[in-house]
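For any residue, its number in our numbering is found by taking its place in the sequence shown, counting from 1, and adding 27.
Where is the CB? At the ideal position from N, CA and C, for every residue including glycine.
Notes follow once the structure below has been shown.
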Amino acid sequence: MEPIEIGLWVSGFMLLMVVLGMRVAFAAGIAGMVGLIWIFWAKKGYDPEDFGWALTVAVKTAGQVPHSKVSSQALSLIPTFILIGYLAYYAGLTKALFEAAKRWVGWLPGGLAVSTVFATAGFAAVSGASVATSAVFARIAIPEMLKVGYDKRFAAGVVAAGGTLASLIPPSAILVIYAIIVEQDVGKLLLAGFIPGAFSALIYGGLIVTLALVLPKFGPPVRGYTWKQRFAAIPPAFPIFFVVFIIIFFIYNPFGGDAWGTPTEGGALGAFVVFVMAVLRGMGWAQLKDALLETAKLSAMIFTIIWGVLIYVRFLGFADLPGAFSDWITGLEQSPMLTLILILLAYAVLGMFMDAIGMLLLTLPVVYPAVMALNGGEFVSAADSAFGMSGPMCAIWFGILVVKMAEFCLITPPIGLNCFVVAGVRDDISVQDVFKGVTPFFIADALTIALLVAFPAIVLWLPSLA
28 MEPIEIGLWV
38 SGFMLLMVVL
48 GMRVAFAAGI
58 AGMVGLIWIF
68 WAKKGYDPED
78 FGWALTVAVK
88 TAGQVPHSKV
98 SSQALSLIPT
108 FILIGYLAYY
118 AGLTKALFEA
128 AKRWVGWLPG
138 GLAVSTVFAT
148 AGFAAVSGAS
158 VATSAVFARI
168 AIPEMLKVGY
178 DKRFAAGVVA
188 AGGTLASLIP
198 PSAILVIYAI
208 IVEQDVGKLL
218 LAGFIPGAFS
228 ALIYGGLIVT
238 LALVLPKFGP
248 PVRGYTWKQR
258 FAAIPPAFPI
268 FFVVFIIIFF
278 IYNPFGGDAW
288 GTPTEGGALG
298 AFVVFVMAVL
308 RGMGWAQLKD
318 ALLETAKLSA
328 MIFTIIWGVL
338 IYVRFLGFAD
348 LPGAFSDWIT
358 GLEQSPMLTL
368 ILILLAYAVL
378 GMFMDAIGML
388 LLTLPVVYPA
398 VMALNGGEFV
408 SAADSAFGMS
418 GPMCAIWFGI
428 LVVKMAEFCL
438 ITPPIGLNCF
448 VVAGVRDDIS
458 VQDVFKGVTP
468 FFIADALTIA
478 LLVAFPAIVL
488 WLPSLA
């Protein structure tokens with residue numbers, strides 16, 4: 028059996044394990060080990076005496092993956108970004124941010140839900156994890172919305188959908204993972220997420236206002252705040268913007284010249300600044316312990332997925348499946364844009380059965396080379412490309428598109444992780460209620476993705492300045 032055929036059989040075996048409920052990390056690790064043993068043993072003609080040799084070589088090959096890849100300096104961004112979010116929560120910055128948003132935009136139709144979306148977007152700018160964002164605002168925003176008469180399903184849906192903004196708005200753990208997989212500049216990818224993230228928040232807000240105008244008693248506005256009260260709400264929320272300012276200055280020096288530091292240094296400094304703010308606001312040892320434990324748990328989960336999937340990726344390299352898939356994609360007799368749209372639709376379907384990080388880690392080693400080949404290659408110029416952009420810009424554009432699809436998958440049944448998190452925090456709201464509540468946001472996400480595909484400048488303008 029040829030390596031390509033082995034690759035297809037093993038990939039099918041892995042997907043079957045995932046569909047049956049096995050965790051992506053373990054399914055990918057097992058499939059990768061089975062595939063490596065199979066390929067090495069096939070080279071020896073399936074001689075029973077050489078099975079031990081094939082097993083030894085496969086174990087050595089797989090054993091090199093965890094340290095060689097996870098020791099990458101760029102991956103240290105993940106725990107620091109997650110820590111920033113949890114420290115900001117325990118420092119009370121999230122409540123201050125929500126209160127400021129409520130006072131400034133609560134007067135709109137559906138104003139409290141719009142405030143929740145904008146507050147989650149602001150918190151996303153200091154939190155690298157969608158799960159953490161959803162968990163925090165399930166505690167803060169849902170009680171406020173229920174108090175003024177919102178339907179509990181929609182209130183939960185707003186929080187679950189708003190939490191997905193942390194996937195795009197830097198600091199974003201999933202953007203860091205994408206950058207490492209495809210070997211692109213982390214700083215430019217993080218910059219590229221700002222405008223699409225804010226754009227997504229505005230579309231969410233527009234959807235809520237439209238629903239409130241069309242449906243009576245859908246989302247009562249919150250009025251009665253004076254201008255003095257509105258301006259008084261800004262200083263308590265200002266530390267959020269200060270941390271964002273620090274991170275941006277380290278990733279991209281707006282005054283020109285070299286950056287002031289690496290993204291890793293910016294993340295570490297941001298975490299330190301939030302820690303100092305949390306201590307000044309009265310955070311005790313118990314709260315610090317909780318923040319560190321939650322950061323460790325979420326980081327360990329992400330790194331475990333990375334370890335397992337990278338073993339599978341190593342096997343894909345031996346099977347040459349990425350190259351074969353790339354050749355097949357570029358050989359299709361249809362427009363490259365149509366092929367790209369079909370790939371994005373495939374992500375939407377795949378996201379129904381897999382978590383966002385696992386999905387990207389499993390698919391990008393195969394899909395990314397194909398998309399780059401569709402555009403004309405890694406080093407193609409904008410003039411000679413299929414999508415009207417150079418190779419490096421195409422890598423950034425596709426990264427934002429695929430991460431936006433990952434956002435979509437965070438609220439897609441039956442695996443939508445954010446929906447399970449919100450239901451877990453709120454005992455009075457079932458996960459089925461949350462899935463019903465996020466339904467309108469599918470339309471908003473589809474519109475956002477369509478606009479990002481049609482107008483790449485939304486994504487590429489900011490990183491083009493770096």
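Check	Outcome
Cβ separation of residue 479 and residue 486, assumed to be a contact under 8 Å, to the nearest whole Å	6 Å
Three CB pairs or more closer than 8 Å across the region 240–257 and the region 452–471	no
DSSP three-state assignment for residue 450, whether helix, strand or coil	helix
Straight-line gap, residue 277 to residue 43 (C-alpha atoms, nearest Å)	44 Å
Under the three-state DSSP convention, the category residue 80 falls into	helix
Rounded C-alpha distance that separates residue 196 from residue 187	16 Å
At least 3 beta-carbon pairs within less than 8 Å: the region 200–216 vs the region 233–243	no
Residue range of the unbroken alpha helix (DSSP H) whose run includes residue 443	Here residue 443 belongs to no alpha helix (DSSP H), and DSSP marks it neither H nor E.
Residues near residue 450 by beta carbon distance below 7 Å, same chain, minus five either side	456, 457, 458, 461
Beta-carbon proximity check, residue 413 vs residue 110, cutoff 9 Å	no
Assigned secondary structure, residue 37 (DSSP; H/G/I helix, E/B strand, else coil)	helix
Cβ pair count under 8 Å reaching 3, the region 174–191 against the region 396–403	no
Sequence-distant residues of its chain with Cβ nearer than 7 Å to residue 191 (five each side left out)	157, 434, 437, 438, 445
Nearest-angstrom beta carbon gap, residue 217 and residue 136 [assumed within contact, 8 Å]	Residue 136 to residue 217, Cβ: 34 Å. No contact.
Residue 346 and residue 64 closer than 9 Å at C-beta	no
Beta carbon of residue 372 nearer than 9 Å to that of residue 339	no
Residue burial classification, residue 68 (beta-carbon count within 10 angstroms, cutoff 16)	buried
The region 46–58 in contact with the region 296–314 per 3-pair CB rule at 8 Å	no
Length at least 4, wholly inside the region 260–344: the alpha helix (DSSP H) runs in chain order	261–278, 290–307
Closest residue to residue 124 among 259, 103, 467, 375 (Cα-Cα distance)	259
Neighbour-count burial assignment, residue 472, 16 or more Cβ in a 10 Å radius	buried
Residue environment, residue 442, which counts as buried when at least 16 other CB atoms sit within 10 Å	buried
Contacting residues, own chain, Cβ-Cβ under 8 Å from residue 328 (five flanking each side not counted)	none
Where the alpha helix (DSSP H) containing residue 434 begins and where it ends	418–436
C-beta contact flag for residue 139 and residue 172 at 9 Å	yes
Residues of its chain near residue 144, where Cβ-Cβ distance is below 6 Å and the 5 sequence neighbours each way are ignored	189, 228, 231, 232
Three-way DSSP call (helix, strand, coil) for residue 362 in this model	coil
Distance between residue 108 and residue 58 (C-alpha atoms, nearest Å)	31 Å
Cutoff 6 Å; reference residue 146; Cβ partners in own chain excluding five residues on either side	124, 125, 128
For residue 255, the nearest candidate out of 463, 387, 361, 130 (CA to CA)	130
Residue 164 versus 113, 205, 210, residue with shortest Cα-Cα distance	113
Near the ligand NAP: residue 302 beta-carbon under 8 Å from a heavy atom	No copy of the ligand NAP appears in this structure; indeed no ligand is present at all.
C-alpha distance - residue 273 paired with residue 293, whole-angstrom precision	7 Å
Beta-carbon proximity check, residue 105 vs residue 391, cutoff 9 Å	no
First through last residue of the alpha helix (DSSP H) which encompasses residue 472	466–481
Pair within 9 Å by beta-carbon distance, residue 225 and residue 115	no
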